[in-house]
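Trainee:
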Amino acid sequence: MMEIDMTAIQAIVAPPLHGEELIGLTPWESRALAAIVDAAEAGRLAPTADELQATVGCDSVSTTVNIVQRLEKRGLIRVERYQRSRRIFVVSTGKATAPVNNKTPHWRTLPRPRSLPVPALPHLRQRSPDLAAEIIRAAHKEGMRIDDFIAELVWAGWRARGAGVG
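The numbering of the sequence shown is my numbering, which starts it at 3 and goes up by one.
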């Protein structure tokens, strides 16, 4: 478990915020914020959900995702989300965790393609059952609806075609 000096975090965060914004933070939120501030101060990468889970002491990784969203909603942090990582800015100090290596945008942040044809799943199954099954598995792995995943594939293929790839 990562050791966090809570006195140091209060010294860093409380003066610029005058303490008002910290009132009402749960112990888990306080620990998560402390880990984020510590990483930003040290210039390290943002703590992963697993690292925050160990620091906070909760049972579920999804809890840490919700904690980060609550800290962001309160205006204590700002998060840049990427496909496989994130960079977190501490609003009160202006400091940020280390820049990420892979800046591929998270699929949720990309504009959804409009007016692109999306082949129906039965049509894909009829044409190539194995490929349809592979697409379904990939969509589930990415946590996307199948029609959204197929639309992303169409969009990526169209962009690649326009770039002269393939």
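Even for Gly, the Cβ is constructed at its ideal location relative to N, Cα and C. Since the model is a prediction, treat every value here as computed from it, not as a measurement.
Once you ignore the five residues that flank GLY159 on each side, which residues in its own chain have a CB closer than 7 Å to its CB?
Mentor: Taking the sequence shown and counting its residues from 1, one reaches residue 159 at position 157. The answer is none, since no qualifying residue turns up.
Trainee: Starting from VAL67, trace the beta strand (DSSP E) in both directions and tell me its first and last residue.
Mentor: On the sequence shown, residue 67 is found 65 positions in, with the first residue counted as 1. Here VAL67 belongs to no beta strand (DSSP E); instead the alpha helix (DSSP H) covers 63-75.
Trainee: Tell me which residue opens and which closes the alpha helix (DSSP H) that VAL39 is part of.
Mentor: One-based indexing of the sequence shown puts residue 39 at position 37. Taken as a continuous stretch (DSSP letters only), the alpha helix (DSSP H) holding VAL39 covers 29-44.
Trainee: Can you tell me which of the three DSSP states VAL92 falls into?
Mentor: Within the sequence shown, residue 92 is the residue found at index 90, counting from 1. Reduced to three states, the DSSP call for VAL92 is strand.
Trainee: What does a CB cutoff of less than 8 Å around ILE79 pick up in its chain, not counting 5 residues either side in sequence?
Mentor: Mapped onto the sequence shown, residue 79 falls at position 77. If we look at ILE79 and ignore the five residues flanking it on each side, its Cβ neighbours are LEU35, ILE38, VAL70, LEU73, ILE90, PHE91, VAL92 and VAL93.
Trainee: Measuring straight from C-alpha to C-alpha, what distance separates PRO101 and ARG46?
Mentor: For this step, residue 101 is matched to residue 99 along the sequence shown. For this step, residue 46 is matched to residue 44 along the sequence shown. Cα to Cα, the separation comes out at about 9 Å.
Trainee: How long is the line joining the alpha carbons of ASP149 and PRO29, rounded to whole angstroms?
Mentor: Numbered from its first residue, the sequence shown carries residue 149 at position 147. Numbered from its first residue, the sequence shown carries residue 29 at position 27. Answer to the nearest angstrom: the Cα atoms are 40 Å apart.
Trainee: Closest by CA to GLU43, which one among THR99, VAL67, ASP52 and HIS108?
Mentor: Counted from its first residue, the sequence shown places residue 43 at position 41. The shortest C-alpha separation from GLU43 is found at THR99.
Trainee: Would you mind reading off the limits of the alpha helix (DSSP H) that contains VAL58?
Mentor: Walking along the sequence shown from the start, residue 58 turns up at place 56. Here the alpha helix (DSSP H) through VAL58 covers 51-58.
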